[in-house]
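Take the working numbering: the last position of the sequence shown gets the number 528, and nothing is skipped along the way.
We treat Cβ as the ideally placed atom computed from N, Cα and C, and that holds for glycine.
Structure, as structure tokens:
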Amino acid sequence: MNSVVLSVLLLSAIGLVGSVVLVSASKALAVQEDERLGEVVAMLPGANCGSCGYPGCEGYARAMLDGAPVNSCGPGGPDAAKRLAAYLGVDAGDVVVKRAIVACRGTADRVVLQERAVYHGAHSCRTYATMGHLSDGCTDGCIGYGDCMATCPYGAITLNKNDVAVVDPAVCIGCGLCTTICPRHLISLVEKSDVAEVSFVLCHNTLTGKRAKDACANTCLGCKRCVKVCPQHCIEVVDNVAHIDVSKCVGCKVCMGVCPAGAIYPLAWVSPSERRKS
Numbered sequence: 251m252n253s254v255v256l257s258v259l260l261l262s263a264i265g266l267v268g269s270v271v272l273v274s275a276s277k278a279l280a281v282q283e284d285e286r287l288g289e290v291v292a293m294l295p296g297a298n299c300g301s302c303g304y305p306g307c308e309g310y311a312r313a314m315l316d317g318a319p320v321n322s323c324g325p326g327g328p329d330a331a332k333r334l335a336a337y338l339g340v341d342a343g344d345v346v347v348k349r350a351i352v353a354c355r356g357t358a359d360r361v362v363l364q365e366r367a368v369y370h371g372a373h374s375c376r377t378y379a380t381m382g383h384l385s386d387g388c389t390d391g392c393i394g395y396g397d398c399m400a401t402c403p404y405g406a407i408t409l410n411k412n413d414v415a416v417v418d419p420a421v422c423i424g425c426g427l428c429t430t431i432c433p434r435h436l437i438s439l440v441e442k443s444d445v446a447e448v449s450f451v452l453c454h455n456t457l458t459g460k461r462a463k464d465a466c467a468n469t470c471l472g473c474k475r476c477v478k479v480c481p482q483h484c485i486e487v488v489d490n491v492a493h494i495d496v497s498k499c500v501g502c503k504v505c506m507g508v509c510p511a512g513a514i515y516p517l518a519w520v521s522p523s524e525r526r527k528s
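Printed below as a string of structure tokens:
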């Protein structure tokens with residue numbers, strides 16, 4: 251037999267045997283897809299924010315099918331947890347509701363606005379933040395170019411008249427995307443309290459003395475007056491800034507009355523569902 255023909259037949263036989271082996275192996279080692287995966291993913295809000303601790307909604311859906319709790323989706327809230335629990339036949343549990351808040355109030359005459367007027371770089375908070383070491387203003391305040399506003403998929407963030415980011419609690423679903431985009435880490439997710447309105451320090455300024463007051467008229471001075479009068483002992487000053495534990499705050503507002511800078515404001519809890527009813 252011609253050696254060329256023999257070689258072709260031999261290679262064809264090897265290929266055929268290899269194909270049979272590969273097909274058999276793929277069937278034997280195949281991971282069976284849970285038929286419920288698509289349904290579970292459809293019950294999630296699709297934000298893919300990662301606030302649940304898993305890589306996106308599909309990642310969380312797979313985890314739930316493997317036994318993970320169904321109440322870890324902040325954006326979906328209690329409604330999503332109930333739907334998932336009913337479908338999967340498990341207990342919904344309690345969902346921790348969170349909303350984003352910007353720890354800055356700013357002022358119309360804050361130094362950063364004057365510096366921005368002569369700044370010629372990209373209109374991005376993250377780009378501008380690299381120039382922070384050159385600033386005479388508050389290096390811990392809102393820059394005001396709206397990176398967080400552009401990132402929010404639900405339109406819950408706007409800039410006020412002082413170019414400071416403000417979160418609408420009636421629109422925010424607590425996905426947490428804005429918290430990762432802010433270069434100065436001003437935005438945090440705050441858990442819903444049992445109290446309708448708690449106190450919150452709208453400042454993140456770690457500067458002290460005259461420089462702090464020159465940078466922003468509404469800066470926290472770290473004077474500890476609020477610490478001394480709080481009946482719940484839920485306020486502490488860290489790095490010259492007061493911090494309130496909202497889980498302990500009872501909403502008495504005594505701290506607001508003694509703050510010489512007016513840096514403490516009420517944080518109201520309004521859910522998207524409550525807004526739709528009003």
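- Shown here, residue 389 sits in coil according to DSSP, grouped into three states, outside any helix or strand.
- Under DSSP, residue 493 shares a beta bridge with 486.
- Straight across, the Cα-Cα distance linking residue 496 with residue 297 is about 26 Å.
- Contact check between the segment 499-513 and the segment 453-469: three or more CB pairs, one atom from each, fall below 8 Å, which counts as touching.
- Burial state of residue 458 is exposed, judged by a 10 Å Cβ sphere holding fewer than 16 other Cβ atoms.
- Bridge partners of residue 515 according to DSSP: 450.
- Within the same chain, and ignoring the five residues on either side of residue 482 in sequence, the residues whose Cβ sits closer than 7 Å to its Cβ are 498, 499 and 500.
- When DSSP states are grouped into helix, strand and coil, residue 285 belongs to the coil group.
- Counted as a single uninterrupted DSSP element, the alpha helix (DSSP H) harbouring residue 461 occupies residues 459-465.
- When secondary structure is reduced to three states using DSSP, residue 376 falls in the helix class.
- Each residue's CA atom was taken as its position, placing residue 372 and residue 444 some 42 Å apart.
- Its Cα nearest to that of residue 436, the residue 376 stands out among 404, 376 and 442.
- Here residue 338 carries a helix assignment [DSSP, helix/strand/coil].
- The alpha-carbon separation between residue 478 and residue 472 amounts to approximately 12 Å.
- No Cβ-Cβ contact shorter than 7 Å links residue 333 with residue 381.
- The beta carbons of residue 301 and residue 405 sit about 18 Å from each other, so the pair does not count as a contact at 8 Å.
- DSSP places residue 478 in the uninterrupted alpha helix (DSSP H) bounded by 475-479.
- Taken atom to atom, the span from the alpha-carbon of residue 273 to that of residue 263 is near 15 Å.
- If you look at residue 431, you'll find it in the alpha helix (DSSP H) that goes 427-431.
- In terms of CA proximity to residue 449, 494 leads the group 494, 410 and 336.
- For the pair residue 398 and residue 431, the CB atoms are nearer than the 7 Å cut-off.
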